[in-house]
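Student: Top line first, the protein sequences correspond to chains A and B.
For what it's worth, this note's numbering labels the leading residue of the first sequence as 748, then goes sequentially.
For what it's worth, this note's numbering labels the leading residue of the second sequence as 421, then goes sequentially.
Every residue, glycine too, gets a C-beta built ideally from N, C-alpha and C.
Please read through the structure below; I'll follow up with questions.
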Amino acid sequence: MLERPYTLTAELTYRCPLHCAYCSNPVSYDDRPALDTEQWCRLFAEAEAIGVMQVNLTGGEPLLRCDLERLIGHAHRLGLYTNLITSGVPLSRRRLARLRASGLDAVQLSLQSTDQLLADRIAGLVVHKKKLAVARWTHALGIPMTVNIVLHRDNIEQIHDLIALAEALHAERLELANTQYLGWAFVNRHALLPTQEQLEQARRTTQAARERLRGRMEILFVTPDYYGGVPRACMDGWGRRHLVVSPDGLVLPCHLAHTLPGLTFERAGTRPLLDIWEQSEGFNRFRGEAWMNDTCRTCTHRTVDFGGCRCQAFHVTGHLEAVDPVCRWSPDHHLIQTARDAAEQRTEGAPLWRRDLQMVP
Amino acid sequence: MNEASCPALLPKTRLRYNRQRDACVLLWPERGLVLNRSAGDILKLCGGQHTLSSIVNALAAQYPHTKRDLIREDVHRLIRDLHSRGLLTLE
């Protein structure tokens, strides 16, 4: 039987003052009007009514929404656990206190590096010092904090110092999330993918720190799919647990599902959310095993990875139903191997594509 | 951890009843657990005011048809598990 969703990821806007080369926003999208306050509030109520327990407020940069206090307050009154996933920019201590008073349960703050110059270069904006201040305010206000650091070739060798920084900032949780090569990260893959040796070194350092910090700071280390050998259970499986809603209200199984051609997704508010979850063509497209190619359908790992990442399969191979190419059994696995070989060549100074500026008007 | 320890869920956690699943759920940043009935009943007492032995007593009164040793084992296992996940303290 189809389970009810647990989590709603509300992408409140695609706008962001930062310009990270691994940005998880789609590379292109229709710039339709974003949902307004009332529409988000109705969606939160509907999501809660069908079983959602956590709401991740993200973007883009959710702080750019001046109605964030109201949205958090509404979600909080519904009994949802509210997570703010943010770069910390733009934010003042007063506003953070106001968000907390509105019912904000937890903050996930991104950092780019331990080194200010490198951090600002990665973010494409002078933000590092400000982020450290936000981390200190978060701790001072007693808000549980996760520090999230996206790892790639330029910062992965700082892993020891990154962990020490998160510890000094009193993070309860540290996510060392290697870039997954989708969206902008796929465009910039040549400049971001670490080498195997870099990855192994980072993994060893993390493991040692995890032992040392047990009970004080939880450390997650996310391996890049490209070095996994088997696919990841992307989103815990397509349409199994998570709802993602794009800024303009598309209800999606993952934040890039609408970049896949030929799939139909529906807009929040056009019909009941439960109907969209249970019946929409897009959600049902990759549920279960009927859609699977022969390699996946006869593989014992299919109940673990649910067929891996559909966006990765399509954007690397051009085929929607292809085996996720990161899988060693994929006939297209050489495409991943080629990217890894290129990372070993370490072409220094490779140019990064940056997003066009999308500042708030 | 001993009989006099007082387990207390950390401030980042929220213990709630979820009507769609007819179950208590324990939520914390970006994670959660759907609890079975007895686990929910145990965690309702984990606010730092009750010792482990008084939690076992309360559960034994609530579940009169279950052996006390079994209840004790269950309570200790759950508390130990959540403690190791960094979700509660033992005062």
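1. Of all the CB atoms in chain A, is at least one closer than 8 Å to the CB of residue 484 of chain B?
2. Going along chain B in order, which residues have a C-beta closer than 9 Å to the C-beta of residue 797 of chain A?
3. Just checking: is the beta-carbon of residue 752 of chain A within a distance shorter than 8 Å of some beta-carbon in chain B?
4. In the stretch 828-855 of chain A, which residues sit with their C-beta less than 8 Å from some C-beta in chain B, listed in chain order?
5. Taking 8 Å as the CB-CB cut-off, is residue 920 of chain A touching chain B?
6. Applying the criterion that 16 or more other CB atoms from any shown protein chain within 10 Å of the CB defines a buried residue, is residue 982 of chain A buried or exposed?
7. Please determine, among A:771, A:869 and A:927, the residue with the shortest C-alpha to C-alpha distance to residue 974 of chain A.
8. Is the beta carbon of residue 770 of chain A sitting closer than 8 Å to the one on residue 889 of chain A?
9. Give me the residue from B:497, B:450, B:473 and B:449 with the minimum Cα distance to residue 459 of chain B.
10. Of all Cβ atoms in chain B, is any one closer than 8 Å to the Cβ of residue 800 of chain A?
11. When Cβ atoms are compared, which residues of the stretch 933-967 of chain A fall closer than 7 Å to chain B?
12. Which of the three DSSP states, helix, strand or coil, is assigned to residue 1017 of chain A?
13. Using a Cβ-Cβ cut-off of 8 Å, state whether residue 891 of chain A counts as contacting chain B.
14. Looking at the C-beta of residue 826 of chain A, does it have a partner C-beta in chain B at a distance below 8 Å?
15. Does residue 1093 of chain A pass the burial test, meaning 16 or more other C-beta atoms within 10 Å, or should it be called exposed?
16. Could I get the ranges of all uninterrupted alpha helix (DSSP H) runs contained in the stretch 1035-1079 of chain A, with 4 residues as the minimum, in chain order?
17. My output table needs one value for residue 809 of chain A: the three-state DSSP class, helix, strand or coil.
18. Rounded C-beta distance between residue 756 of chain A and residue 991 of chain A? I'm assuming under 8 Å.
19. Within the 8 Å Cβ cut-off, does residue 772 of chain A reach chain B?
20. Show which residues of chain B have a CB atom less than 8 Å away from the CB atom of residue 803 of chain A.
21. Is it buried or exposed, residue 753 of chain A, if we count other Cβ atoms within 10 angstroms and call 16 or more buried?
22. Could you tell me which chain A residues have their CB closer than 7 Å to the CB of residue 432 of chain B, listed as they occur along the chain?
23. Quick check on the burial criterion: 16 or more other C-beta atoms within 10 angstroms. Buried or exposed for residue 813 of chain A?
24. Exposed or buried, which one is residue 758 of chain A when buried takes at least 16 other CB atoms within 10 Å?
25. For the alpha helix (DSSP H) containing residue 954 of chain A, name the first residue and the last one.
26. So is residue 422 of chain B buried or exposed if we call it buried at 16+ other beta carbons inside 10 Å?
27. If you follow the alpha helix (DSSP H) that residue 788 of chain A is in, where does it begin and where does it stop?
28. Could you work out which residues of chain C lie near residue 500 of chain B, taking near to mean beta carbons separated by less than 9 Å?
29. If the criterion is Cβ atoms closer than 8 Å, does the pair residue 833 of chain A and residue 802 of chain A meet it?
30. Have a look at residue 793 of chain A and residue 444 of chain B and give me their C-alpha separation to the nearest angstrom.
31. Any beta carbon of chain A sitting closer than 8 Å to that of residue 436 of chain B?
32. Return the chain-ordered list of same chain residues with a C-beta closer than 8 Å to the C-beta of residue 1027 of chain A, the five sequence neighbours on each side being excluded.
33. Would the stretch 1033-1042 of chain A count as touching the stretch 954-970 of chain A if we require 3 or more Cβ pairs under 8 Å?
34. Are there 16 or more other CB atoms within 10 angstroms of the CB of residue 476 of chain B, so buried, or fewer, so exposed?
35. Using the Cα positions of residue 772 of chain A and residue 487 of chain B, report the straight-line distance between them to the nearest angstrom.
Tutor: According to the data block:
1. no
2. 440
3. no
4. 828, 830, 852, 853 and 855
5. Residue 920 of chain A has a beta carbon lying within less than 8 Å of a beta carbon in chain B.
6. buried
7. It is A:927.
8. no
9. Measuring from the Cα of residue 459 of chain B, the nearest candidate turns out to be B:497.
10. yes
11. Within the stretch 933-967 of chain A, those residues whose Cβ lies closer than 7 Å to any Cβ of chain B are, in chain order, 962 and 965.
12. coil
13. yes
14. Using beta-carbon distances, residue 826 of chain A counts as an interface residue toward chain B, with a partner under 8 Å.
15. exposed
16. 1041-1044, 1049-1052 and 1057-1064
17. helix
18. 4 Å
19. no
20. 450
21. buried
22. Ordered by position in chain A, the residues that pass the 7 Å Cβ test against residue 432 of chain B are 853, 891 and 919.
23. exposed
24. It counts as buried.
25. Where residue 954 of chain A is concerned, the enclosing alpha helix (DSSP H) stretches over 943-960.
26. exposed
27. The continuous alpha helix (DSSP H) containing residue 788 of chain A extends over residues 784-796.
28. Note that chain C does not occur in the displayed structure, where the protein chains are A and B.
29. no
30. 20 Å
31. Yes, residue 436 of chain B counts as interfacial toward chain A.
32. The answer, listed in chain order, is 998, 1011, 1012 and 1013.
33. Taking 8 Å as the limit for Cβ pairs, the verdict is that the stretch 954-970 of chain A does not touch the stretch 1033-1042 of chain A.
34. buried
35. 55 Å
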